[in-house]
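**Student:** With the numbering used here as the guide, the letters of the sequence shown map in order to residues 1 to 213.
Where a beta carbon is used, it is the ideal one built from N, C-alpha and C, also for glycine.
All values derive from a computational prediction rather than experimental measurement.
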Amino acid sequence: MAKEWTHADLCKKAVGWLKRSYSAGGCGCPNAFSEVQSGSNGGEIVDAIGIKTAEGTETIVVEVKVSRSDFLADRKKPFRVEPEKGMGNYRYYMCPEGLISVDDLPPKWGLLHVGSRGKVTVLSGHKNGQKQDWYFNCNRDAEMGMASLLLAKAGDFEVLNGVNRLNQRLENENIKLRKKLDDLERTSRHEEIIRGLDELSTTIKPIPRAKIL
1 MAKEWTHADL CKKAVGWLKR SYSAGGCGCP NAFSEVQSGS NGGEIVDAIG
51 IKTAEGTETI VVEVKVSRSD FLADRKKPFR VEPEKGMGNY RYYMCPEGLI
101 SVDDLPPKWG LLHVGSRGKV TVLSGHKNGQ KQDWYFNCNR DAEMGMASLL
151 LAKAGDFEVL NGVNRLNQRL ENENIKLRKK LDDLERTSRH EEIIRGLDEL
201 STTIKPIPRA KIL
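1) Mapping DSSP to helix, strand and coil, what is LYS52?
2) State the DSSP-derived secondary structure class of LEU151, mapped to helix, strand or coil.
3) In the DSSP assignment, what residue or residues form a beta bridge with THR121?
4) Of all the beta strand (DSSP E) runs that stay within the bounds of the region 54-81, which reach a length of 3 or more residues?
5) Give the range of the beta strand (DSSP E) segment to which CYS95 is assigned.
6) Should ALA24 go down as buried or exposed, given a rule of 16 or more other Cβ atoms within 10 Å for buried?
7) What residue from ARG169, LYS3 and MET146 has the CA that sits closest to GLN37's CA?
8) Rounded to whole angstroms, what is the Cα-Cα separation between TRP17 and MET87?
9) Counting pairs of beta carbons, one from the region 116-123 and one from the region 57-68, are three or more of them closer than 8 Å?
10) To which residues of the same chain is TYR90 closer than 6 Å at the C-beta, ignoring the five residues directly before and after it?
11) For TYR108, which residues in the same chain have their Cβ closer than 6 Å to its Cβ, ignoring the five residues on either side in sequence?
12) Going by C-alpha distance, which of GLU35, GLU58 and ASP183 is nearest CYS29?
13) Select from LYS12, ASN167 and ASN174 the residue whose C-alpha is nearest the C-alpha of GLU35.
14) What is the DSSP secondary structure of GLU221, counted as helix, strand or coil?
15) Determine the extent of the alpha helix (DSSP H) in which ALA14 is found, giving its start and end residues.
16) Please return the same chain residues whose Cβ sits closer than 6 Å to the Cβ of TYR92, not counting the five positions on each side in sequence.
17) Could you check the C-alpha separation between ARG186 and ARG169 for me, to the nearest Å?
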């Protein structure tokens, strides 16, 4: 029986694909997030987005669809009708294998199929062609709003840095304690062997040599 992929399953797959190295068939995004909103006052919620800054800022959006009706309804959204209002310089749909075909796609959208065993196959998109042919002028203001929300969720960076420093100190102390325990264990084993040899030497008596007639 073919696996039934849930929306949450494929969102995780999308983030994994965005982070996967370019040479391994992914997009090589150092940072990727799932189900994030473009601003605090509503707006686009992308299923997954990856951010690359190595050669200028590029954003890659993946929209997950697990039903035909959801896919068909997607094209009515305002940021689909006016693509420049949406997020993502490159955009993909991800779906279970066979749900959407390349012929169903709006202009410049790529397509990712997920097989029953979880393999992601790129059917179309900037991964398979000239990047400029798939490029969207995206809504950077919306993306900045998304980044602001992500930073707010991350919390106070000074507090986080303090926690990280404390964790590092604890890890260092843990390493030192493990080393001391190892040293004590080795010393204890050595002393035990010495005691055993001492006991053995007291119980074993030399055998007298036989007299030669």
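**Tutor:** Walking through what the data contain:
1) strand
2) helix
3) HIS113
4) 58-64
5) 90-96
6) exposed
7) MET146
8) 18 Å
9) no
10) ILE60, HIS126 and TRP134
11) Correcting the residue identity first, residue 108 is Lys in this sequence and not Tyr. Excluding residues within five positions, the ones whose Cβ falls inside 6 Å are TRP134.
12) GLU58
13) LYS12
14) Nothing in the structure corresponds to residue 221, since the chain is present only between 1 and 213.
15) 7-19
16) VAL62, GLY110, LEU112 and GLY125
17) 26 Å
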